[in-house]
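Scroll down for the structure; my scribbles are underneath it.
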Amino acid sequence: MTDLSPAQLDDVSPEDVGPHDDEPHQSGLNNRLNWLRAGVLGANDGIVSTAGLVMGVAGATTDRTAILVAGVAGLVAGALSMGAGEYVSVSTQSDSEQALLDKERRELVEEPQEELEELAGLYVEKGLTPELALEVARQLTAHDALAAHAETELGIDPDDITNPWNAALASTVSFTLGALLPLLTITLFAAGVRVPVTVVAVGFALALTGWASARFGYGPAKAAVVRNVLGGLFAMGVTYLIGALLGAQV
Ligand SMILES: [Zn+2]
């Protein structure tokens, strides 16, 4: 894994131990939790934006076809936009992670001793004595130098870099699932009850997504539920009012 010979490894003394300050030290990301959180946020987005859209149209007209067309267009546009946005942002992140790993790989070849000192310095920061830190760094370097540097220095697991296509698909699907709820309630129920039924269904769904996102973030659930439900109700109220005003004009 490393070009460092046993003699070179022994050549580094505890006094040499220390961080190299020209590289960022990012904290690690908890991947699985991020996926769940992204899914809940995508669904939440789908619920709120589609509910706002169909309520706006329902405020202007009772024509089911008009509401359906607007809702479907909003669902498709929103899902694709979420997917494209996620693809771009995850691609950018994985590009930058790959670039950092490439740099690390190069440094391990070009200046293995400095890299060993740097790695040991990070263990000193974590609380080991320089002697022990150096021993730990030597053994980890002998085992898998790149993995040790990626994890300790960059907070990256080289085997676990998010695929942008997976991320794009996940947010497209979660947005679509969320968007289907207000779309179905507003188009399946009769004109007299479609608005109140949608408000109630969306309120419950947003309570659920608010609760779930608070659980994933270990935050207080009650405040998150209240904020999320009120935000969604506000969005629906505003678009319904605008739809009603415009509908009365035309
Ligand atoms: Zn390094």
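Just so you know, our numbering puts 150 at position 95 of the sequence shown, and the rest follows in order with no gaps.
Note that CB positions come from ideal geometry on N, CA and C, so glycine has one too.
Residue i and residue j closer than 8 Å at C-beta
i	j	result
residue 294	residue 108	yes
residue 252	residue 244	yes
residue 269	residue 141	no
residue 236	residue 262	no
residue 299	residue 114	yes
residue 290	residue 106	yes
residue 238	residue 133	no
residue 204	residue 159	yes
residue 155	residue 209	yes
residue 137	residue 226	yes
residue 302	residue 116	yes
residue 163	residue 192	no
residue 95	residue 271	yes
residue 279	residue 101	no
Of the residues the options, the one placed nearest residue i, counting alpha carbons only
i	options	result
residue 217	129, 131, 144 and 137	144
residue 66	113, 110, 89 and 169	169
residue 329	99, 237 and 220	Residue 329 lies beyond the residue range present for the chain, which begins at 56 and ends at 305; the question has no answer from this structure.
residue 232	89, 119, 68 and 131	131
residue 195	173, 182, 254 and 90	173
residue 93	72, 264 and 182	264
residue 190	147, 176 and 211	176
residue 119	241, 288 and 302	241
residue 187	72, 148 and 303	72
residue 254	88, 103 and 192	103
residue 206	60, 178 and 95	178
residue 150	281, 213, 96 and 63	213
residue 147	220, 234, 184 and 183	220
residue 283	88, 267 and 185	267
residue 215	280, 90, 185 and 296	90
residue 183	69, 60 and 62	69
residue 211	288, 63 and 153	153
residue 224	62, 139, 249 and 112	139
residue 250	276, 180, 288 and 88	288
Where residue i sits in the DSSP three-state scheme
i	result
residue 284	helix
residue 299	helix
residue 66	helix
residue 265	helix
residue 192	helix
residue 78	Its pLDDT being 48, under 50, residue 78 is placed unreliably by the model, and nothing is read from it.
residue 166	coil
residue 184	coil
residue 289	helix
residue 60	coil
residue 126	helix
residue 115	helix
residue 216	coil
residue 273	coil
residue 97	helix
residue 247	coil
residue 72	coil
residue 107	helix
residue 211	coil
Boundaries (first-last residue) of the alpha helix (DSSP H) holding residue i
i	result
residue 223	219 to 243
CB contact check: residue i to chain C, cutoff 8 Å
i	result
residue 266	Among the chains of the structure shown, chain C does not appear; only one protein chain is present.
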